[in-house]
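*Asks:* Okay, handing you the structure first.
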Amino acid sequence: MQMSGAQMVCEAIIAEGIKTVFGYPGGAIMHVYDEIYKQDGFEHILTRHEQAAVHAADGYARATGEVGVAMVTSGPGFTNAVTGLATAYMDSIPMVVISGQVPLSLIGTDGFQEIDAVGISRPCTKHNFLVRSLEELPRILKEAFYLARSGRPGPILVDIPKDITVEVGEFDYPESVNIPSYKPTYKGNARQIEKAVDAIKKAKKPLLYIGGGVVLSNAYELVRQLAEKTQIPVVETLMARGVMGAKNPLLLGMLGMHGNYASNMAMSETDLVISLGARFDDRVTGKLSEFAKYADIIHVDIDPANIAKLVDVDYPIVGDVTQVLEKMIPLLDGVNPDRYQAWREILKRYDELHPQAYVDSDEVIKPQWVIERLGELVGEDAIITSDVGQHQMWAAQHYPFDRPRQWINSGGLGTMGFGFPAAIGAKKAYPEKTVINITGDGSILMNMQELVTAAEYKIPVINVILNNHFLGMVRQWQTFFYEKRYSETDLTFQPNWKALAEACGGIGYDVTTKEEFDAALEDAIKQDKVCFMNVAVNRFENVLPMVPAGGALFNMMLPPKIEKDGEEK
Amino acid sequence: MAKSTDERRVISVVVMNESSVLARVTALFAGRGYNIESLTVAPIPESDMSHITIETKGNAKVMEQITKQLHKLIPVYKVIEHEEMVEKEMVLIKFPIAENLSDIAALAAAYNGGIVNVGKEMVVAQVADEPKRVKHFIEAAQRYNPCEIVRGGVVAIER
Ligand SMILES: Cc1ncc(C[n+]2csc(CCOP(=O)(O)OP(=O)(O)O)c2C)c(N)n1
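These protein sequence lines are chains A and B, in that order.
What the first sequence shows, in UniProt numbering, is residues 1 to 569, in sequence order.
What the second sequence shows, in UniProt numbering, is residues 1 to 159, in sequence order.
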């Protein structure tokens, strides 16, 4: 069929089954927006900033497992999108970003709103394309979606010069792709899997180490099966929260810099790490030479470059976690779960010794209380997004995540400003679910303009601001490592949160007591409008346990057992 | 475990011939802090691919990451970390015409080369040989006051 480049873009999005696109128009992409106006195959959400459009597409992708799509114009539109691309890249999120570019004849002339998008985005995309002719546009669009979702997923940029979007030509959307140089390995090597199974059968203190790759591969049922069958204890990374389910007795919790005592001790004492879709991030390992020092390591990852990048691996298995576990689990038929009984008991004692606990207060709201209360009130039903800081860690530690894709946050890049737009994306994907962004008084301001988007499109996201009048996480490091010199982290000056929300078409709540919190949450759910819940929490609360950067996992700063509130700890 | 030390290595990368593919390869080295000693690239005849030869330095672990990361680039078809290879490099050296031309010609001939151009003021000699021998040739040429030296970078092929 004959059509313009702009129409081809829309047709490809429809053919890929995408229901919602987030974006922001401008000169170079206007022809595409003109086609968006005419079509009704997908909905377009106008965010108020390109960064938010990309984060929203990202939130949509993380919530659904589908490809998220965002659209931006050339120059400043594209540069605003870069943080979103980098965020998705670091967490391997399937995404296609379409950017307008100046006409072919102007490329390289420093034309108005020209920027080398392909050059800038090279290190933060899985792959990118500058379209050079209309003929190659359908193929490139097909490849973009395919690359985004296959192998180790990631964001793909398609940069389209304006003249190509008006040009008319034949649209023949390919059914399949053929990229001879791109052949991801899905099926782990059978011999290696057998060897790994033997190692599991011989181990005395094995530990399952679960990462975000399990979520990306939708392998959580299999992971639960594997743990159930073998009764091997489990630690989750920040990105894997929810995989095992909060109530699973085999789950020790999160490990790493803010992991709990039992999880970090388990990693320090285990004799066999079974790593599934985890990449040994430095926030997880702490000091590498002390990490899992007594253990052999089985490492399952779809990306060969991840394997043995940081630690020496004894059983490397390149493949998709789902396909590897499908082969591995039946081979474990002979394993006797009693074998690891003594090990489980040691870990249980560790957990009793230093549980993931905090000291509550009646005078001031503790941030951990807010998270636990949210868990009690909306628990399994809600999707939780977060920004970056202390609130993110408290959410990861204390919220009873019960299923994967319930917890959406920027792990690899740690992007403040991610949570709110990501929540908008998740809520578009699941309008029937309560979507709560747990955020800080610093982070929320980084994309607060999205109040307007959420109000206009009636996307009732609840922003719970754990307001400590600080850039809390930085303040915490200043407390511990800079002798309390609170350089540029004091946020005593604050906007009027309630008025701010209302000015943008939402609603606001100021919460200073536990009763007010319950009432505000109930009302927010009933009102069904985008809102800010400004919750005044204890200013000097610290996230504990904490492994100081570069320290060994077993050297944790632990929470005080009995403690008065206030600064002096 | 044996202590791994930085060694000179030569890698061939076969890539799909598409726009900015060389930029992707070199950006990977720059972005990850790997070092490029020399780089040559040309299309492979009768194909839609190009052959990039990279001379680099690193220990075994770094080399493993380099090859794996190169492999991850979508247009990269093949990465060969050479062990048994024939390698050659070319160099052009310009000398003042007043130097002893027959000595220079004899020296270049000893390294698989010769004088390839004689001008009014300058003479140009060319040598194509193993990189180590090219280095020796450049050292030996110093006494004839070379005024410009251009090395071509390594090309390699498995034996
Ligand atoms: C875009 C961006 N800028 C800076 C940082 C560094 N940073 C990490 S946590 C943090 C403080 C966050 O403060 P707030 O949102 O109030 O959350 P809190 O830690 O108080 O819960 C900062 C500045 C970051 N992660 N992202």
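Ideal placement from N, C-alpha and C gives every residue a C-beta, glycine not left out.
All values derive from a computational prediction rather than experimental measurement.
Starting from Glu516 of chain A, trace the alpha helix (DSSP H) in both directions and tell me its first and last residue.
*Replies:* Translated into the one-based positions of the first sequence, residue 516 of chain A becomes position 516. Taken as a continuous stretch (DSSP letters only), the alpha helix (DSSP H) holding Glu516 of chain A covers Lys514 to Gln527.
*Asks:* Does the distance between the C-beta of residue 612 of chain A and the nearest non-hydrogen atom of ligand 1 fall short of 6 Å?
*Replies:* The question about residue 612 of chain A has no answer, for chain A in this structure spans 1 to 569.
*Asks:* Tell me which residue opens and which closes the alpha helix (DSSP H) that Cys10 of chain A is part of.
*Replies:* Looking up residue 10 of chain A in the first sequence gives position 10. Element bounds for Cys10 of chain A: Gly5 to Ala15.
*Asks:* So Lys161 of chain A is in the alpha helix (DSSP H); what residue range does that whole segment cover?
*Replies:* In the first sequence, the residue the question calls residue 161 of chain A occupies position 161. Checking the sequence shown, residue 161 of chain A turns out to be Pro, not Lys. That residue, Pro161 of chain A, is in no alpha helix (DSSP H); its beta strand (DSSP E) goes Pro155 to Pro161.
*Asks:* Less than 7 Å between the C-beta atoms of Ala422 of chain A and His49 of chain A, yes or no?
*Replies:* Start at 1 with the first residue of the first sequence, and residue 422 of chain A comes out as number 422. Start at 1 with the first residue of the first sequence, and residue 49 of chain A comes out as number 49. No, the Cβ-Cβ distance between Ala422 of chain A and His49 of chain A is not below 7 Å.
*Asks:* For the region 106-130 of chain A, which residues have a CB atom closer than 8 Å to at least one CB atom of chain B, in sequence order?
*Replies:* Cβ contacts with chain B come from Val118, Gly119, Arg122, Pro123, Lys126, His127 and Leu130.
*Asks:* For residue 576 of chain A, tell me which candidate among A:Tyr350, A:Phe532, A:Met416 and A:Phe481 has the shortest Cα-Cα distance.
*Replies:* Residue numbering for chain A in the displayed model covers 1 to 569; residue 576 of chain A lies beyond these limits and cannot be assessed.
*Asks:* Alpha carbons only, please: which of A:Ile462, A:Leu252, A:Tyr294 and A:Phe171 is nearest the one belonging to Glu269 of chain A?
*Replies:* Residue mapping note: residue 269 of chain A aligns to position 269 of the first sequence, counting from 1. Comparing Cα-Cα distances from Glu269 of chain A to each of A:Ile462, A:Leu252, A:Tyr294 and A:Phe171, the minimum goes to A:Tyr294.
*Asks:* Between Gly414 of chain A and the rest of its own chain, which residues show a CB-CB distance below 7 Å, the 5 nearest in sequence each way excluded?
*Replies:* Within the first sequence, numbered from 1, the residue matching residue 414 of chain A stands at position 414. Within the same chain, Gly414 of chain A has close Cβ partners Val388.
*Asks:* Taking 6 Å as the line, does the beta carbon of His71 of chain B fall inside it for any heavy atom of ligand 1?
*Replies:* Taking the second sequence and counting its residues from 1, the one referred to as residue 71 of chain B is at position 71. Flag unset: Cβ of His71 of chain B not near ligand 1.
*Asks:* Going straight from the alpha carbon of residue 570 of chain A to that of Gln356 of chain A, what length do you get?
*Replies:* With chain A covering 1 to 569 only, the question about residue 570 of chain A has no answer from this structure.
*Asks:* Listing by chain order, which chain A residues have their CB less than 8 Å from the CB of Ile93 of chain B?
*Replies:* Against the second sequence, residue 93 of chain B aligns to sequence position 93. Neighbours of Ile93 of chain B on chain A: none; closest Cβ ~35 Å, over 8 Å.
*Asks:* So, with DSSP's three-state summary, where would you put Asp129 of chain B?
*Replies:* Your numbering for residue 129 of chain B matches position 129 in the second sequence. If DSSP states are grouped into helix, strand and coil, Asp129 of chain B belongs with the strands.
*Asks:* Flag this pair as touching only if the region 507-517 of chain A and the region 329-338 of chain A have three or more C-beta atom pairs under 8 Å; answer yes or no.
*Replies:* Touching, no.
*Asks:* Using DSSP bridges, identify the partner residues of Arg8 of chain B.
*Replies:* Residue numbering aside, residue 8 of chain B sits at position 8 when the second sequence is read from its first letter. Note: Arg8 of chain B sits in a beta bridge opposite B:Lys57.
*Asks:* Closest by CA to Gln69 of chain B, which one among A:Ala429, A:His469, A:Ala305 and A:Arg149?
*Replies:* Indexing the second sequence from 1 puts residue 69 of chain B at position 69. Of the listed residues, the one whose Cα sits closest to Gln69 of chain B is A:Ala305.
*Asks:* Do you know offhand how far Glu121 of chain B's Cα is from Leu107 of chain B's?
*Replies:* By one-based count along the second sequence, residue 121 of chain B stands at place 121. By one-based count along the second sequence, residue 107 of chain B stands at place 107. Each residue's alpha carbon lies about 20 Å from the other.
*Asks:* Alpha carbons only, please: which of B:Thr5, B:Glu37 and B:Gly152 is nearest the one belonging to Ile54 of chain B?
*Replies:* Translated into the one-based positions of the second sequence, residue 54 of chain B becomes position 54. The option with the nearest alpha carbon to Ile54 of chain B is B:Glu37.
*Asks:* In or out: Ala156 of chain B buried (at least 16 other Cβ within 10 Å) or exposed?
*Replies:* Residue mapping note: residue 156 of chain B aligns to position 156 of the second sequence, counting from 1. Label assigned to Ala156 of chain B: buried.
*Asks:* Should Met257 of chain A be counted as a contact of ligand 1 given a C-beta to heavy atom distance under 6 Å?
*Replies:* By 1-based counting over the first sequence, the position of residue 257 of chain A is 257. Not so, every heavy atom of ligand 1 lies at least 6 Å from the Cβ.
*Asks:* Can you tell which of A:Ile210, A:Lys247, A:Gln231 and A:Ala246 has its C-alpha closest to the C-alpha of Thr237 of chain A?
*Replies:* Counting from 1 along the first sequence, the entry for residue 237 of chain A is found at position 237. Comparing Cα positions, the closest option is A:Ile210.
*Asks:* Skipping 5 residues on each side, what residues in its chain have a beta carbon closer than 8 Å to that of His469 of chain A?
*Replies:* Your numbering for residue 469 of chain A matches position 469 in the first sequence. Cβ within range, chain order: Asp441, Asp490, Leu491, Thr492, Gln494 and Arg539.
*Asks:* According to DSSP, is Arg191 of chain A helix, strand or coil?
*Replies:* Within the first sequence, the letter at position 191 stands for residue 191 of chain A. Residue state, collapsed to three classes: helix.
*Asks:* Quick check: does the Cβ of Asn542 of chain A come within less than 6 Å of any heavy atom belonging to ligand 1?
*Replies:* Translated into the one-based positions of the first sequence, residue 542 of chain A becomes position 542. Every heavy atom of ligand 1 is 6 Å or more from the Cβ of Asn542 of chain A, so no.
*Asks:* Using a Cβ-Cβ cutoff of 9 Å, what residues of the region 286-307 of chain A are near chain B? List them in chain order.
*Replies:* Listed by position, the residues of the region 286-307 of chain A near chain B (Cβ gap below 9 Å) are Asp303, Pro304, Ala305, Asn306 and Ile307.
*Asks:* Just to make sure I have the definition right: I need the residues of chain B whose C-beta is within less than 8 Å of the C-beta of Ser268 of chain A. Which are they?
*Replies:* Along the first sequence, one-based indexing puts residue 268 of chain A at 268. Going along chain B, no residue has its Cβ under 8 Å from Ser268 of chain A, so there is no contact; the nearest lies around 21 Å.
*Asks:* With a cut-off of 8 Å on the beta carbons, I'd call Tyr358 of chain A and Pro545 of chain A a contact; round off their distance for me.
*Replies:* Taking the first sequence and counting its residues from 1, the one referred to as residue 358 of chain A is at position 358. Taking the first sequence and counting its residues from 1, the one referred to as residue 545 of chain A is at position 545. Not quite, the Cβ-Cβ distance comes to about 11 Å (not below 8 Å), so this is no contact.
*Asks:* If you count every other CB in all the chains shown that lies within 10 Å of the CB of Cys147 of chain B, and 16 or more means buried, which is it?
*Replies:* Residue numbering aside, residue 147 of chain B sits at position 147 when the second sequence is read from its first letter. Cys147 of chain B comes out exposed.
*Asks:* CA-CA distance, Lys327 of chain A and Leu222 of chain A?
*Replies:* Along the first sequence, read from residue 1 onward, the residue named residue 327 of chain A stands at position 327. Along the first sequence, read from residue 1 onward, the residue named residue 222 of chain A stands at position 222. Between Lys327 of chain A and Leu222 of chain A, the C-alpha separation is close to 11 Å.
*Asks:* Within the same chain, show all residues whose beta-carbon is closer than 7 Å to that of Phe401 of chain A, passing over the 5 residues directly before and after it, in chain order.
*Replies:* In the first sequence, the residue the question calls residue 401 of chain A occupies position 401. Hits under 7 Å: Arg241, Gly242, Ala246 and Trp407.
*Asks:* Please classify Ser19 of chain B as buried or exposed, where buried requires at least 16 other C-beta atoms within 10 Å of its C-beta.
*Replies:* Within the second sequence, the letter at position 19 stands for residue 19 of chain B. Ser19 of chain B should be labelled exposed.
*Asks:* With a threshold of 7 Å on Cβ separation, who are the neighbours of Ala2 of chain B within its own chain once the five nearest residues in sequence on each side are excluded?
*Replies:* Here the question's residue 2 of chain B lines up with position 2 in the second sequence. Per-residue confidence for Ala2 of chain B stands at a pLDDT of 45, beneath the threshold of 50, marking its modelled position as unreliable; the derived number appears in the next sentence. Counting only Cβ-Cβ distances below 7 Å, and skipping sequence neighbours, we find nothing.
*Asks:* Reducing DSSP to helix, strand and coil, say where Ser74 of chain A ends up.
*Replies:* Mapped onto the first sequence, residue 74 of chain A falls at position 74. Coil at Ser74 of chain A, not helix or strand.
*Asks:* Indicate whether Ile462 of chain A and Thr439 of chain A have their beta-carbon atoms separated by less than 7 Å.
*Replies:* Looking up residue 462 of chain A in the first sequence gives position 462. Looking up residue 439 of chain A in the first sequence gives position 439. Cβ atoms of Ile462 of chain A and Thr439 of chain A: not closer than 7 Å.
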